[in-house]
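As structure tokens, the structure follows; a few thoughts come after it.
Number of protein chains: 2
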Amino acid sequence: MLSSLKIKPGRLMKTIHETADMFGAAFPWGKDPTETGLLRLALTDMDKGARDWFAKEVKSLGCEYKVDELGNQFAIYPGKDMSAIPTGVGSHLDSQPTAGRYDGPLGVLSGLEILRTLKESNYVPNYPIALINWTNEEGARFPYPLLGSSVYAGIKPKEDMYSIKAIDGSHPTVLEELERIGYKGDTECAFEANPVACHFEIHIEQAPYLERGNKKIGVVTGVQSYCWEEITVTGKSSHTETTPLDDRADPMLAAAKMIAKSREIALKYDGLVSTGLIEASPRSFNVLPETVKFSLDTRNYDDAKLDAMLVELKEEFAKIAEECIGKDSKIPITIDYNHLMTSRRAYFHEDCKDCIRDASHEVVGEEYTMDLVARACHDSKAMSTIVPTAMVFIPCRDGLSHNPREFSTPEQCEDGFKVLMGAVLRYDQLRASRA
Amino acid sequence: MLSSLKIKPGRLMKTIHETADMFGAAFPWGKDPTETGLLRLALTDMDKGARDWFAKEVKSLGCEYKVDELGNQFAIYPGKDMSAIPTGVGSHLDSQPTAGRYDGPLGVLSGLEILRTLKESNYVPNYPIALINWTNEEGARFPYPLLGSSVYAGIKPKEDMYSIKAIDGSHPTVLEELERIGYKGDTECAFEANPVACHFEIHIEQAPYLERGNKKIGVVTGVQSYCWEEITVTGKSSHTETTPLDDRADPMLAAAKMIAKSREIALKYDGLVSTGLIEASPRSFNVLPETVKFSLDTRNYDDAKLDAMLVELKEEFAKIAEECIGKDSKIPITIDYNHLMTSRRAYFHEDCKDCIRDASHEVVGEEYTMDLVARACHDSKAMSTIVPTAMVFIPCRDGLSHNPREFSTPEQCEDGFKVLMGAVLRYDQLRASRA
Chain L
669 MLSSLKIKPG RLMKTIHETA DMFGAAFPWG KDPTETGLLR LALTDMDKGA
719 RDWFAKEVKS LGCEYKVDEL GNQFAIYPGK DMSAIPTGVG SHLDSQPTAG
769 RYDGPLGVLS GLEILRTLKE SNYVPNYPIA LINWTNEEGA RFPYPLLGSS
819 VYAGIKPKED MYSIKAIDGS HPTVLEELER IGYKGDTECA FEANPVACHF
869 EIHIEQAPYL ERGNKKIGVV TGVQSYCWEE ITVTGKSSHT ETTPLDDRAD
919 PMLAAAKMIA KSREIALKYD GLVSTGLIEA SPRSFNVLPE TVKFSLDTRN
969 YDDAKLDAML VELKEEFAKI AEECIGKDSK IPITIDYNHL MTSRRAYFHE
1019 DCKDCIRDAS HEVVGEEYTM DLVARACHDS KAMSTIVPTA MVFIPCRDGL
1069 SHNPREFSTP EQCEDGFKVL MGAVLRYDQL RASRA
Chain H
669 MLSSLKIKPG RLMKTIHETA DMFGAAFPWG KDPTETGLLR LALTDMDKGA
719 RDWFAKEVKS LGCEYKVDEL GNQFAIYPGK DMSAIPTGVG SHLDSQPTAG
769 RYDGPLGVLS GLEILRTLKE SNYVPNYPIA LINWTNEEGA RFPYPLLGSS
819 VYAGIKPKED MYSIKAIDGS HPTVLEELER IGYKGDTECA FEANPVACHF
869 EIHIEQAPYL ERGNKKIGVV TGVQSYCWEE ITVTGKSSHT ETTPLDDRAD
919 PMLAAAKMIA KSREIALKYD GLVSTGLIEA SPRSFNVLPE TVKFSLDTRN
969 YDDAKLDAML VELKEEFAKI AEECIGKDSK IPITIDYNHL MTSRRAYFHE
1019 DCKDCIRDAS HEVVGEEYTM DLVARACHDS KAMSTIVPTA MVFIPCRDGL
1069 SHNPREFSTP EQCEDGFKVL MGAVLRYDQL RASRA
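Protein chains in written order, with my numbering: chain L, 669 to 1103; chain H, 669 to 1103.
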């Protein structure tokens, strides 16, 4: 299927590195100028730069271009039936604070490379193709991941997301930053108002299973379930120098024991528990804090196991709080749980998986193709609740991601792009065959 | 000895509460307007307010007034021999971020109450009395405690202390903030240039031993030893959602286990280990940090035991770092120790202790007086390295301090002030008897 297309080898990698260099290259780790990470937090000036560039590129390809109220960018490449709902391909251009160059940009730029290739090959698909850059996928600057795609999919109300505050600077809201950088668009942010027929996405695996299995392409069959909570442990703030151990109700000790215990529970249930954020208050070298707040990110492939992990974490944390109260302390240790989100196990669509699997067999062969479940969340998770969806994974070095050293080879990226293109065109033909 | 003096009951408490209300009252915890804590960080506008007030009060009593290069304020109350080196009494007006009303202010304001009482009683001591407000005793805003007295005592060079940065705002230095609030004085900050003959200080105990022993006055015989270190644990920053446990080199897990272990070591050596500060970087919910930095405050009454604790902490931390490296991680976990200070066991001066003990026997009686070792550091620790020094302790409720609920009764404060005055006047006579 791909043989009729004029693919330009190397151009995708060039685009990945040129856009990284222009918009947020940071944290060099090697001698080559491309060996850096990326800092492009959502709705910052750097993100605006990448967005402006994206708009210019897709317009030059003859795409219809729209921005919705949440800043999601839509580029509609023409098909034979211009009145039909477009086939969707999307990912995100924003990054984590110490990110690599691949992650979301690989998805958007592979989509762009598809449109470039189709144009240069004079290939007109049956239906239009919508290439989408989703806003704040990372949830790093505004602590709600998949923000743009979640509003689009009707999972979260627009107003709730507008009011989320940035973790940096003077804590501007999503709405304030959208307005500041000029990306609060006119198009309604809703599937019903601005639909796509499906959602395809390519991403690095962010785990080492493809690499260790010597596979080149992962057909992602779904996404594991997870829960995000903020835990606030409150005890007694007092003097580090003078307070006898038996008089302490030390939330730092309790939080430390909880974090250590959470690893044991992850092991027991074959899941993951992680703490990325921690904060003690008040902040002084010689004052035991009154509160210690930390994040808890709990994951499992199995919904029932995730639920069991959450129950056991709470039971063990309660025990630890009790144990950490000194026998002479009149003040207890209390725990407050702020539940941020639970995302249940997602199962991707058979049609989309089949298109990816077939394309992979064409590009890299069956022996280098494997099915797997995504551990991380992606915009495709939100999209899978409303339209047929699936993802292409490519290997990344040591499974490392959300790290400047994140790396996939040019060959791995190129293979992934070809599989994505093959899958999108197969789905276009599948739709036509059923019309 | 005190019977000839016109003590005004209640005035000291009035001064404590009035100055707290004017300069930094915060964190109310009870119904009475005096039931709040204090927020008066060193060299802030609030600290400047308290300093200006102090200057005005001591000048109105006829004191000679000097400010040295580190902002230490000296008020010299006249004695019969104006050419003699003054008897020193001091403490500090700055506070922790969530402090109580007593701590340092009790010391400075009790000294002020001595001067007021002497003046109203027309009592002229043999030698001048220097009342001192030391700069940044707490080490809370500028992380070097006893900052002003340490330069004065020749323990630290002036320039080193000038360059210490505030932990807040745009991190101004000590020198910048001294200049900003107008407290970089002309007097050389050095014992040799501006000497005192001794140092007396009153303070709340900040521990529960006086209260539990039903004692009213503690004669402080010295200060326990301690060590301050910043520990930086460095591992591998990666994705919380996807990184298998075996691939992690998680510095958060390692730091948590280290903090938990430090409590065991404190118990084993009958000492204290505390963590007041902790910081993970980068900061994101779904990124395992690359570094976790935490403070470690280790204390013991015995120098040898302190040393043994420090050795064992390092041994155990190294083991934990090793254990926390996943079997598939190519990146290790490393530990960096930033040693901030070690303060060895201090022994206070027999003459000063005797003066306090005798005064306490007069004011509250022998049965309510006990000797004890200070756990926390005070300006008297620095001063004890250069001149005869001792301290008066009074009980505080539940031993709680560095907390808005810190509380001593008016009677306890008044008793302490009388003992301090009795001790200062006894020392004045002792000096004269030996002249």
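The C-beta atom is built at its ideal place from N, Cα and C for all residues, glycine as well.
Heavy atom of the ligand MN within 8 Å of residue i beta-carbon
i, result
"Gly903/L", "The model on display carries no ligand, and the ligand MN is accordingly not part of it."
Simplified DSSP state of residue i, which is helix, strand or coil
i, result
"Val776/L", "helix"
"His871/L", "strand"
"Ile988/L", "helix"
"Ile1024/L", "helix"
"Ala917/L", "strand"
"Ala865/L", "coil"
"Lys734/H", "strand"
Under 8 Å by beta carbon: chain L residues contacting residue i
i, result
"Ile835/H", "Arg951"
"Leu945/H", "Ala948, Arg951, Ser952, Phe953"
"Lys998/H", "Asp1066"
"Ser963/H", "Phe953"
Inter-residue spacing [alpha-carbon to alpha-carbon] between residue i and residue j
i, j, result
"Ile1001/L", "Val941/L", "23 Å"
"Ala723/L", "Gln741/L", "8 Å"
"Glu947/H", "Ile800/H", "36 Å"
"Leu1088/L", "Ala1058/L", "10 Å"
"Ile832/L", "Asp970/L", "30 Å"
"Phe1161/H", "Gly772/H", "Lying before the first or after the last residue shown, residue 1161/H is absent from chain H, which here runs from 669 to 1103."
"Glu909/H", "Ala922/H", "19 Å"
"Met714/H", "Ile684/H", "15 Å"
"Lys734/H", "Cys857/H", "11 Å"
"Thr1099/L", "Trp721/L", "Looking at the sequence itself, residue 1099/L is Arg, so the reference to Thr does not match. Spanning the two alpha carbons is a distance of roughly 32 Å."
"Cys1081/L", "Ile1062/L", "7 Å"
"Lys748/L", "Phe868/L", "20 Å"
"Val757/L", "Val1092/L", "8 Å"
"Ala924/L", "Ala986/L", "13 Å"
"Tyr812/H", "Glu983/H", "27 Å"
"Ile993/H", "Leu935/L", "15 Å"
"Pro765/H", "Pro950/L", "7 Å"
"Pro701/H", "Glu686/H", "11 Å"
"Ser1101/H", "Val1055/H", "18 Å"
"Ser1069/L", "Thr943/H", "31 Å"
"Thr889/H", "Arg784/H", "28 Å"
"Thr1077/H", "Val1060/H", "16 Å"
"Leu729/L", "Ser1011/L", "37 Å"
Proximal residues of chain H, C-beta to C-beta of residue i below 7 Å
i, result
"Arg1121/L", "Outside the displayed range of chain L (669 to 1103) lies residue 1121/L, so it cannot be described from this structure."
"Gln764/L", "Ser952, Val955"
"Ala798/L", "Those do not exist, as Ala798/L stays about 27 Å from chain H at its closest Cβ, beyond 7 Å."
Element boundaries [alpha helix (DSSP H), containing residue i]
i, result
"Leu846/H", "842–848"
"Trp802/L", "No alpha helix (DSSP H) holds Trp802/L; DSSP gives it neither H nor E."
"Ala1050/L", "1047–1051"
"Met829/H", "826–830"
"Trp721/H", "713–728"
Contacts that residue i makes with chain L (C-beta to C-beta distance below 7 Å)
i, result
"His907/H", "Gln874, Ala1044, Ser1069, His1070"
"Trp896/H", "Phe953"
"Pro840/H", "Those do not exist, as Pro840/H stays about 17 Å from chain L at its closest Cβ, beyond 7 Å."
"Ala924/H", "Ala924, Ile927, Ala928"
"Leu1039/H", "Correcting the residue identity first, residue 1039/H is Asp in this sequence and not Leu. Ordered by position in chain L, no residue passes the 7 Å Cβ test against Asp1039/H, which lies about 16 Å from the chain."
Residue interval of the beta strand (DSSP E) (run including residue i)
i, result
"Thr1037/L", "1037–1042"
"Ala858/L", "Segment: none, Ala858/L is in no beta strand (DSSP E) and carries neither H nor E."
"Gln741/H", "741–745"
"Cys895/L", "893–902"
Where residue i meets chain C, residues with beta-carbon distance less than 9 Å
i, result
"Gly807/H", "The question asks about chain C, but that chain is absent: this structure's protein chains are L and H."
Contact belief for residue i with residue j at Cβ below 8 Å, rounded distance in angstroms
i, j, result
"Gly807/L", "Leu815/L", "7 Å"
"Ser905/L", "Pro957/L", "6 Å"
"Lys929/H", "Ile988/H", "6 Å"
"Ile872/H", "Leu777/H", "About 13 Å; that fails the 8 Å criterion."
"Val891/L", "Ala1014/L", "4 Å"
Per-residue contacts from residue i into chain H (C-beta, under 9 Å)
i, result
"Pro811/L", "Ser952, Phe953"
"Thr911/L", "Gln874, Ala875, Pro876, Leu940, Ser942, Arg1043, Gly1067, Leu1068, Ser1069, His1070"
Proximal residues of chain L, C-beta to C-beta of residue i below 9 Å
i, result
"Arg708/H", "None at all; the shortest Cβ gap to chain L is about 13 Å."
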